Amino acid sequence: VEASIPEPQRAAWKKFSAKEFSSKEDFEAEVVRHIETTLARSLFNCDEAAAYGGTSLAFRDRLVIEWNKTQQNQTFADPKRVYYLSLEFLMGRALDNAMLNVGMKDVAKDGLSDLGFRMEDIIGQERDAALGNGGLGRLAACFLDSLATLNYPAWGYALRYRYGIFKQEIVDGYQVEIPDYWLDFNPWEFPRHDVTVDIQFYGGVRKYMDESGKQISVWENGEIVTAVAYDAPVPGYGTKTTNNLRLWSSKASHGEFDFTKFNSGEYEASVADQQRAETISAVLYPNDNLERGKELRLKQQYFWCAASLFDIVRRFKKSKKAWSEFPNQVAIQLNDTHPTLAIPELLRILIDLEGLNWDDAWDIVQKTFGYTNHTVLPEALEKWSVPLIQHLLPRHLQIIYDINLQFLQYVERSFPKDRDMLGRVSIIEESQPKMVRMAYLAVIGSHKVNGVAELHSDLIKTTIFKDFVKIYGPDKFTNVTNGITPRRWLHQANPRLSELIASKLGGYDFLKDLTLLHKLENFVDDKDFRKEFQEIKYANKVRLAKYIKEAQGIPVNPSGLFDIQVKRMHEYKRQQLNIFGVIHRYLELKDMSPEDRKKMQPRVSIFGGKAAPGYWMAKTVIHLINQVSKIVNADKDIGDLLKVVFLEDYNVSKAEIIVPASDISEHISTAGTEASGTSNMKFVLNGGLIIGTCDGANIEITREVGDDNIFLFGNLAEDVEDLRHGHFYGGFEIDPQLKRVFETVRNGTFGDAGQFSALVNSIVEHGDYYLVSDDFKSYIDTQKLINEAYKQQDEWLTKTITAVARMGFFSSDRCIEEYANEIWNCEPLPPPEKNGA
Ligand code: CR6
């Protein structure tokens, strides 16, 4: 390519090519230049927001330079690329991450101080990129960090929502949702107005025979909406590799804009069409582990899949390779079933547009896709009604029926005796209306299916995909236990702990190979190390206490035991169990004499998390927590012995303050319901212990850290079914201590007896589906054990240090290596030597 450009032009270009700042002075010059010109501010009106803008733009320039080089290098080498399709990327803040990954944070800190600003204040100006609900979206963000760090040629594809997850305010104890319009100033994205794709909806399918007698299908007469690409750079840590996250934004296509209406004076109608197009990417659906089957959501899914596939195919076609090479050049990972329409869409492209025959196209599709399942909860398994798909995507429905026909014929040949099998595994559920089971389509269209923790991966093989294991054999199903990036969740969130570890291990290599942490066990008896480790935990608790005072107005004593449960509000995650435990503790303390109380371990119970706006039960739990907080915190008998806090608007940047400050964190889902959990890993990596059920990744955390260093309780997944059954038929006994909690909730001790009774009734009258009553006793007994264990500060410290040392397995780098080797079959492409790290 270079050779085609005349030498003098090349020389001029190279001479003036953008350079990366490397000194403090150069950094300051860049910041001031951006503030004065890009942002049109001056010394006299530069507030912290402008300083954040200037700093971000200075770092953005660096990222862009590396990003361009990475993309050029990838274009030149044309390796197999990984495409991670996820409707959610919960990225959080970008500036701190960019500074740390590039390795220039200290330089920037000094530079900012010369200019009169404090680094923390500048970082604090940034709004979270909150394009996700919870664990699934944050996992995708951790994976992008690991893919870039490990030099994989990889792209993320998602939607550019105008509104991310709503901001939560607590008003009179109730959750109120405020729209999160996050795009006011976003220096991290690049609009690519030249990268657009026209996407069709509705219309019909015309079929005819061509001269050779081949059946041709043409999808036509639909509505067209245009997808515009917005790109965000994703820097790796300690490498120059900078990958791309491409977000699609919807706008009216030029064809769509109705000039007849416009000219005949129906200006409003023509603008309304435009707004309708823009609605597609307007808002993130705020449900975690719940699918509600709304037409706009299906439109989002297709819009995003079709734009991404067009882009991927366009890139592949540039290489002029044969179609059979497609799976050797492209691996597409489906993050949950949300992108499953990519399967019929790729078939449509190959068959209808590129003229391949069914068998060849199907072979390519199966080899290209991998599917990750993230839940077994029935309410989260996606199904779309056949009439809706027929209306919106008529050609895709035909293709889905064709896939199903071929598949069922195969099943029939393989299991001639099992007649029920066909109905059970059919992609189409014979209900009224008929439904398309997206998870089955994803399984059938992929070459590998994985769960996200060992227990979960075993469960999907014995429950929702049991028949598919018989059909395809067990090798199609595998496990990749989730992980977290140690860059954000240790180095960025807990810089002092990261520094202490580096000082003992001789550098920061552990951030690239987290298994090196095991060497910390050599220091578990080292006095100075222990002291500093403990001081860091205390300082992190002081930081959180300060935040709680500022944000919530509640004074908490940092020497109390910090007990934290932060995650989406959900019945299966059982915040009810936690708050009932808190009430129990409150009643117990009230019963005691002042002398006895003095012997008790002071505790701070901290909650945080959003409820889906339509999830009444989850909202009621938030309300109860806030009411308990109000009563308990004001009770003079109780003082520091128990404080209850509900932290408003839990998100990624708040997690970075909360996670390093825990003594105990709660991961107490009904066994078998939490596919993995990932905050459990974050808390332990930061020197906190877990109270948890035998669920999700808790089990593997126990295997790694040892069962002395975790507090497990409750019933096992294998017993859940029988227990539920027992609730309906045998009736059930409720622990007297839980009964007492119920009485106080019902008698209005915490106000609103009417509303809170529903929480009690879901247990005593409606079958206690989540087994709160079955696990309550073992939960509060374990909490007692924790109180006693915490008093032995020396042993506690040993436990926490040992646990940190054994967390190496849970790096998302390990996940990415597993996906690359077992599912994607692709290799890293390190940056060229001269430009390497
Ligand atoms: N809600 C699981 O529930 C898991 C993440 C990431 C979830 C959670 O246990 O850690 O995915 N599932 O794998 C879905 O979103 C469907 C989640 O975040």
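Note that the numbering used here has the sequence shown beginning at 81, numbered continuously upward. Note that beta-carbon positions come from the ideal geometry of N, C-alpha and C, so glycine has one too. The structure presented is a predicted model; accordingly, all values stated were derived computationally and were not measured.
Are the stretch 812 to 826 and the stretch 663 to 676 touching, with three or more C-beta to C-beta distances below 8 Å?
Proximity of the stretch 812 to 826 to the stretch 663 to 676 meets the contact definition, three or more beta-carbon pairs being nearer than 8 Å.
May I ask whether a heavy atom of the ligand CR6 can be found less than 7 Å away from the beta carbon of E462?
no
For the alpha helix (DSSP H) that T758 lies in, which residues bound it at each end?
Neither: T758 is in no alpha helix (DSSP H) and is coded neither H nor E.
What is the rounded straight-line gap between the Cα of S749 and the Cα of S853?
13 Å
Own chain residues within Cβ distance below 7 Å of N301, not counting five before or after:
G283, G284
Contact belief for L421 with Q381 at Cβ below 8 Å, rounded distance in angstroms:
6 Å
Alpha carbon to alpha carbon, what distance is there between L468 and E375?
The straight-line gap from Cα to Cα measures roughly 7 Å.
Under the assumption that V825 contacts V844 (Cβ atoms under 8 Å), give the Cβ distance between them as a whole number of angstroms.
Cβ-Cβ separation between V825 and V844: approximately 11 Å, too far for a contact (criterion under 8 Å).
Range of the contiguous beta strand (DSSP E) that encloses R372:
Unbroken run through R372: none, as it is neither H nor E.
Sorted by chain position, which residues of the same chain lie with C-beta nearer than 6 Å to A441's C-beta, five sequence neighbours on each side aside?
Contacts found: L427, L430, I431.
Cβ shell of I686 (< 6 Å), same chain only, five flanking positions each side left out:
I644, V725
Please classify Y809: is it buried, with 16 or more other beta-carbons within 10 angstroms of its beta-carbon, or exposed?
exposed
Out of curiosity, what's the CA-to-CA distance linking A917 and L227?
Model confidence at A917 stands at a pLDDT of 41, short of 50, so the residue's coordinates are unreliable; what they give is reported in the following sentence. Taking the straight line from one Cα to the other gives about 16 Å.
Here's the rule: buried if 16 or more other CB atoms are within 10 angstroms of the residue's CB, otherwise exposed. What is A209?
Sixteen is the threshold: when 16 or more other Cβ atoms of the shown chains lie within 10 Å of the Cβ of A209, as they do, the residue is buried.
Please work out which residues of its chain come closer than 7 Å, Cβ to Cβ, to N915, disregarding the five sequence neighbours upstream and downstream, and give them in chain order.
Low local confidence applies: a pLDDT of 45 at N915 is under 50, so the model's placement there is unreliable, and no value is given.
Mind listing, in chain order, the residues whose beta carbon lies closer than 6 Å to a non-hydrogen atom of the ligand CR6?
G214, G215, L216, L219, D368, N369, D416, H454, T455, A460, V532, N562, E754, A755, S756, G757, T758, G776
Out of curiosity, what's the CA-to-CA distance linking R161 and A833?
57 Å
Does the stretch 306 to 321 come close enough to the stretch 166 to 181 that 3 or more CB-CB pairs lie under 8 Å?
yes
Skipping 5 residues on each side, what residues in its chain have a beta carbon closer than 6 Å to that of P740?
A573, N574, N620, N766
Helix or strand or just coil, what does DSSP make of N905?
Looking at N905 - three-state DSSP - the assignment turns out to be coil, as it is neither helix nor strand.
Contained alpha helix (DSSP H) runs [length at least 4] in the stretch 557 to 592, N- to C-terminal order:
575 to 585
Across the stretch 890 to 900 and the stretch 558 to 570, are there enough close Cβ pairs to call them in contact, namely three or more that are closer than 8 Å?
yes
In the DSSP assignment, the beta strand (DSSP E) including E303 goes from what residue to what residue?
303 to 315
Distance between beta carbons of F791 and I866, contact taken as under 8 Å:
6 Å
With distances taken between CB atoms, is the gap from I634 to N559 smaller than 8 Å?
Cβ atoms of I634 and N559: not closer than 8 Å.
Compare the Cα-Cα distances from E200 to each of R207, D194, K189 and report the closest residue.
K189
Residue range of the unbroken alpha helix (DSSP H) whose run includes V840
833 to 844
Closest residue to D368 among I628, F603, G217 (Cα-Cα distance):
G217
Alpha carbon to alpha carbon, what distance is there between F396 and R121?
44 Å
Roughly how far, in whole angstroms, is the beta-carbon of I279 from the beta-carbon of A386, given that I think they are within contact range, below 8 Å?
5 Å
By DSSP, does D452 sit in helix, in strand, or in coil?
It should be noted that the sequence gives Thr, not Asp, for residue 452. T452 falls in the strand class under three-state DSSP.
Taking buried to mean at least 16 other C-beta atoms within 10 Å of its own C-beta, is K99 buried or exposed?
exposed
State the CB to CB distance for the pair G263 and R242, rounded to an integer number of angstroms; the pair is presumed to be in contact (CB under 8 Å).
In the sequence on display, residue 263 carries Leu and not Gly. The pair is a contact, with the Cβ atoms about 6 Å apart (cut-off 8 Å).
Closest by CA to A411, which one among G450, L433, S333?
G450
Is the beta carbon of E492 sitting closer than 8 Å to the one on L485?
no
Sheet register partners of E346 (DSSP bridge)
Answer by DSSP bridge pairing: none, since E346 is not bridged.
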